[in-house]
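Participant: Taken in sequence, the protein lines are chains A and B. Plus 520 on top of the position in the first sequence (first one is 1) and you've got the working numbering. Plus 520 on top of the position in the second sequence (first one is 1) and you've got the working numbering. By construction, the Cβ of each residue, glycine as well, lies at the ideal position given by its N, Cα and C atoms.
2 protein chains.
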Amino acid sequence: MIQRITLIGAGNLATSLGKAFQKAGLDIVQVYSRTRESASVLASKFGCSYTNKAHEIDLSADLVLLAIKDDAIPGLLEKFDCRRARIAHTAGSVPLELLEKYSDHCGVFYPVQTFSKSRDVNFSDIPVCLEANSSEMLGELKTVAVRISRDVREISSAERKVLHLAAVFACNFVNHFYYLGDKLLSEYGLPFNLLIPLIRETASKITEISPYDAQTGPAMRYDETILNKHLKMLEKRPELTKIYSFVTESIFLAHKKEHE
Amino acid sequence: MIQRITLIGAGNLATSLGKAFQKAGLDIVQVYSRTRESASVLASKFGCSYTNKAHEIDLSADLVLLAIKDDAIPGLLEKFDCRRARIAHTAGSVPLELLEKYSDHCGVFYPVQTFSKSRDVNFSDIPVCLEANSSEMLGELKTVAVRISRDVREISSAERKVLHLAAVFACNFVNHFYYLGDKLLSEYGLPFNLLIPLIRETASKITEISPYDAQTGPAMRYDETILNKHLKMLEKRPELTKIYSFVTESIFLAHKKEHE
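(1) Is there a Cβ of chain B sitting closer than 8 Å to that of A:C602, yes or no?
(2) Taking C-beta pairs closer than 7 Å, name the residues in chain B that A:H750 reaches, listed in chain order.
(3) DSSP three-state call for B:Y742: helix, strand or coil?
(4) To the nearest angstrom, how far is the alpha carbon of B:I689 from that of A:L700?
(5) Could you work out which residue in B:E660, B:P631, B:T745 is closest to A:L714 when comparing CA atoms only?
(6) Answer yes or no: does any C-beta atom of chain B fall closer than 8 Å to that of A:M753?
(7) Taking buried to mean at least 16 other C-beta atoms within 10 Å of its own C-beta, is B:E728 buried or exposed?
(8) Report yes or no: do the stretch 752-763 of chain A and the stretch 545-562 of chain B share at least 3 C-beta pairs separated by less than 8 Å?
(9) Identify, in the order they occur along the chain, each residue of the same chain with its Cβ nearer than 7 Å to the Cβ of B:V666, setting aside the five sequence neighbours on each side.
(10) Take B:I522 and list the residues in its own chain whose beta-carbon comes closer than 8 Å to its own, dropping the five residues that flank it on each side.
(11) If we require 3 or more residues per run, which beta strand (DSSP E) segments fall completely within the stretch 554-595 of chain B?
(12) List the residues of chain A whose Cβ lies closer than 9 Å to the Cβ of B:A592, in chain order.
(13) For A:F772, decide whether its Cβ has a neighbour in chain B, counting only Cβ atoms nearer than 8 Å.
(14) Taking a cut of 9 Å between CB atoms, which residues from the stretch 729-745 of chain A lie near chain B?
(15) Give the range of the alpha helix (DSSP H) segment to which B:L700 is assigned.
(16) Nearest to B:L596 by CA position, among B:P615, B:H575, B:T610, B:R604, is which residue?
(17) At a CB distance below 7 Å, what residues from the stretch 687-716 of chain B approach chain A? Give them in sequence order.
(18) Please report the straight-line C-alpha distance between B:Y708 and A:I646, rounded to a whole angstrom.
(19) What does the alpha-carbon distance come out to for the pair A:S644 and A:L537?
(20) Measure the CB-CB distance between A:A687 and B:L616 and report whether it falls below 8 Å.
(21) Express the C-alpha separation of B:K637 and B:T535 in angstroms, rounding to a whole number.
(22) Any C-beta of chain A sitting closer than 8 Å to the C-beta of B:A723?
(23) Rank A:N692, A:L751, A:K725 by C-alpha distance to the C-alpha of B:A774 and give the top, closest one.
(24) Determine, using beta carbons only, whether A:I577 and A:V549 come nearer to each other than 8 Å.
(25) Which bits of chain A does B:V641 rub up against, with CB to CB less than 8 Å?
(26) Examine chain B for any beta-carbon lying closer than 8 Å to the beta-carbon of A:E597, and answer yes or no.
(27) Does B:L741 pass the burial test, meaning 16 or more other C-beta atoms within 10 Å, or should it be called exposed?
(28) Quick check: A:G627 and A:E651, are their CB atoms within less than 8 Å of each other?
(29) Keeping to the same chain, check which residues put their C-beta closer than 7 Å to that of B:I746; ignore five residues upstream and five downstream.
(30) If you check the beta carbons only, do B:F766 and A:F766 fall under 8 Å apart?
(31) Can you check which of these residues, A:V614, A:G529, A:R720, is closest to B:N748 by C-alpha distance?
(32) Report the residue from B:N572, B:V682, B:N695, B:I726 whose alpha carbon sits nearest the alpha carbon of A:L705.
(33) So, does the CB of B:I528 fall closer than 8 Å to a CB anywhere in chain A?
(34) Within the 8 Å Cβ cut-off, does A:Q633 reach chain B?
(35) Please name the residue, chosen from A:A734, A:F712, A:K703, A:R720, that lies closest to A:R757 on a Cα-to-Cα basis.
(36) With H, G and I counted as helix, E and B as strand and the rest as coil, what does DSSP make of B:Y622?
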């Protein structure tokens, strides 16, 4: 059973995971980060040691958990020998086989969530998607996952890749549209809070109705009068015009059958 | 003070508003709809009369409220004389001046929300944006709005138009991205509920952090490795490739300064 964890990374995800682990009674024994500064800031939260030197990474821990940028993973793993350590990454789009090159006990620990340092997240209902190179390693990762979440699933690298892409649409792109809405309003001196109940209801609706059935608005009805008014308002913004047109077209195509 | 309301329309908005009015103790005296069938279905919910003939619309009501497609408003108003009736529409993108051609007591009653027939909506925190051609009419509309919502605001036609456009981004487009996420997952046999906690947190975050500060993901970091993997997965879908590319570009441009 995994108890002692070395945390690689000091960003949003490392911070949120480390807090959740500690709250669940697990021990963070060390924080590694590229810079001493960021490693020390996060380590001070956990009361543990820290380093920015790969060869000093504490491999005596029960698990070395990587919460760093995808691109940074292979470069870091080249710098120390983790063949015998249990090692897992947390990335949506990195296949397990990358870790197999470096470790005999490797896996993936992917929480489907968005993390910001300034916001504490309740992990209990966040799906934690696991994958491992052996049933023993899978079992070990499960002991960690069930401590923080009630929703632990086994998902392959191919499935995780799709899940990550879907999450980009449903979270990153969605948040950017909140931002574009905010920007449009603020240019007219209107407060963003006008949109909050709408945003909340839109997110809440799809827990009861499928997103397909929940669709409303001028694009779906192909209400040309409104669409043209909106495009006119965006005419000096080629970037927004493109987005408006293509998303509208995509909505219309998805709902076209209803009109035939 | 408005007590008796004639409801024009029998769609999602008319249904939701009528229910909220009745719950708040207001009287729906008649439902008009283009087809007898839909008028009668909604009228039966309110226990009121109904018609599909414009000349039979009950103008003795304290308010005739239009909840129909934007394009249908002028055509309908040509068919009966509402010069002396109090009349208001509920549309985001229709200026008040359109109603001024037909009535001396006109206004706008625009709730910033998305409505589906199958889902009851709690109006209490929904912003209701009012506009009227006189302070008397504005006062009358307020008496109705405060019965169903705690958030009643006065907003001009120009402001409402921007608000409607912002709402299309923050609701209609957002919901379509939930749909695209759902579709991607289902093609791999993955359940949509994997995304629900993420969707909930994304919507919840921006009540505390600005959407700008809440942004996460590969586009913002311009993580080319991930972006290329995602584009590769979408390569047989030109429609999704365009959306992915342009939204990614827009996110990157918005956050570019952070990288410089």
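Facilitator: To lay it out plainly:
(1) In the first sequence, the residue the question calls residue 602 of chain A occupies position 82. Not one chain B Cβ lies under 8 Å of A:C602.
(2) Against the first sequence, residue 750 of chain A aligns to sequence position 230. Going along chain B in sequence order, the residues near A:H750 (Cβ under 7 Å) are L685, V688.
(3) If you number the second sequence from 1, residue 742 of chain B lands on position 222. Correct three-state label for B:Y742: coil.
(4) By one-based count along the second sequence, residue 689 of chain B stands at place 169. By one-based count along the first sequence, residue 700 of chain A stands at place 180. Checking the displayed sequence, the identity of residue 689 of chain B turns out to be Phe instead of Ile. If you take the alpha carbons of B:F689 and A:L700, they lie about 7 Å apart.
(5) For the purposes of this step, residue 714 of chain A is taken as the residue at position 194 of the first sequence. Of B:E660, B:P631, B:T745, the residue nearest in Cα terms is B:P631.
(6) As a working mapping, residue 753 of chain A is identified with position 233 in the first sequence. Yes, because at least one Cβ of chain B sits closer than 8 Å to the Cβ of A:M753.
(7) For this step, residue 728 of chain B is matched to residue 208 along the second sequence. Label assigned to B:E728: exposed.
(8) As far as the Cβ criterion goes, the stretch 752-763 of chain A does not touch the stretch 545-562 of chain B, which means the pair count is below three.
(9) Indexing the second sequence from 1 puts residue 666 of chain B at position 146. Excluding sequence neighbours, B:V666 sits near V672.
(10) Residue 522 of chain B sits at position 2 when you count from the first residue of the second sequence. For B:I522, where only same-chain residues beyond five positions count, the Cβ hits under 8 Å are L546, D582, L583, R606, E660, L661, T663, V664.
(11) 569-571, 583-586
(12) Residue mapping note: residue 592 of chain B aligns to position 72 of the second sequence, counting from 1. Residues of chain A passing the Cβ test: none, with the nearest at roughly 10 Å.
(13) Numbered from 1 along the first sequence, position 252 holds the residue referred to as residue 772 of chain A. Not closer than 8 Å to any Cβ of chain B, the Cβ of A:F772 fails to qualify, so no.
(14) I729, S730, P731, Y732, D733, A734, Q735, T736, G737, P738, A739, M740, R741, D743, E744, T745
(15) To locate residue 700 of chain B, count along the second sequence from 1; it is residue 180. Taken as a continuous stretch (DSSP letters only), the alpha helix (DSSP H) holding B:L700 covers 694-707.
(16) Reading the second sequence from its first residue, position 76 is the one you call residue 596 of chain B. Taking only the C-alpha atoms, the option nearest B:L596 is B:H575.
(17) A687, V688, F689, A690, C691, N692, F693, V694, N695, H696, F697, Y698, Y699, L700, G701, D702, L704, L705, Y708, L710, L714, L715, I716
(18) Numbered from 1 along the second sequence, position 188 holds the residue referred to as residue 708 of chain B. Numbered from 1 along the first sequence, position 126 holds the residue referred to as residue 646 of chain A. Distance between the alpha carbons of B:Y708 and A:I646: 20 Å.
(19) Within the first sequence, the letter at position 124 stands for residue 644 of chain A. Within the first sequence, the letter at position 17 stands for residue 537 of chain A. Answer to the nearest angstrom: the Cα atoms are 12 Å apart.
(20) Working through the first sequence from its first residue, we reach residue 687 of chain A at position 167. Working through the second sequence from its first residue, we reach residue 616 of chain B at position 96. Not closer than 8 Å, so no.
(21) Counting from one through the second sequence, the residue named residue 535 of chain B turns up at place 15. Counting from one through the second sequence, the residue named residue 637 of chain B turns up at place 117. Spanning the two alpha carbons is a distance of roughly 7 Å.
(22) Here residue 723 of chain B refers to the residue found at position 203 when the second sequence is read from its first residue. Chain A, which has a Cβ nearer than 8 Å to the Cβ of B:A723, makes this yes.
(23) Residue 774 of chain B sits at position 254 when you count from the first residue of the second sequence. Measuring from the Cα of B:A774, the nearest candidate turns out to be A:N692.
(24) Working through the first sequence from its first residue, we reach residue 577 of chain A at position 57. Working through the first sequence from its first residue, we reach residue 549 of chain A at position 29. The answer is no: Cβ separation not under 8 Å.
(25) Residue 641 of chain B sits at position 121 when you count from the first residue of the second sequence. Within chain A, the residues near B:V641 are E721.
(26) For the purposes of this step, residue 597 of chain A is taken as residue 77 along the first sequence, with counting starting at 1. A quick correction: the sequence has Leu, not Glu, at residue 597 of chain A. The Cβ of A:L597 sits no closer than 8 Å to any Cβ of chain B.
(27) Stepping through the second sequence from its first residue, residue 741 of chain B is reached at position 221. Reading off the sequence, residue 741 of chain B comes out as Arg, not Leu. So B:R741 ends up on the buried side.
(28) Walking along the first sequence from the start, residue 627 of chain A turns up at place 107. Walking along the first sequence from the start, residue 651 of chain A turns up at place 131. It is a contact, given that the beta carbons lie within the stated cut-off.
(29) Residue 746 of chain B sits at position 226 when you count from the first residue of the second sequence. Same-chain partners within the cutoff: P738.
(30) Translated into positions along the second sequence, residue 766 of chain B becomes position 246. Translated into positions along the first sequence, residue 766 of chain A becomes position 246. Cβ atoms of B:F766 and A:F766: closer than 8 Å.
(31) As a working mapping, residue 748 of chain B is identified with position 228 in the second sequence. For B:N748, the nearest C-alpha among the options comes from A:V614.
(32) Indexing the first sequence from 1 puts residue 705 of chain A at position 185. When each option's Cα is compared against that of A:L705, the closest is B:V682.
(33) Residue numbering aside, residue 528 of chain B sits at position 8 when the second sequence is read from its first letter. Not closer than 8 Å to any Cβ of chain A, the Cβ of B:I528 fails to qualify, so no.
(34) Start at 1 with the first residue of the first sequence, and residue 633 of chain A comes out as number 113. Taking Cβ atoms only, chain B reaches closer than 8 Å to A:Q633, which makes this a yes.
(35) In the first sequence, the residue the question calls residue 757 of chain A occupies position 237. A:R757 has its Cα closest to that of A:K703, out of A:A734, A:F712, A:K703, A:R720.
(36) Walking along the second sequence from the start, residue 622 of chain B turns up at place 102. Coil, per DSSP.
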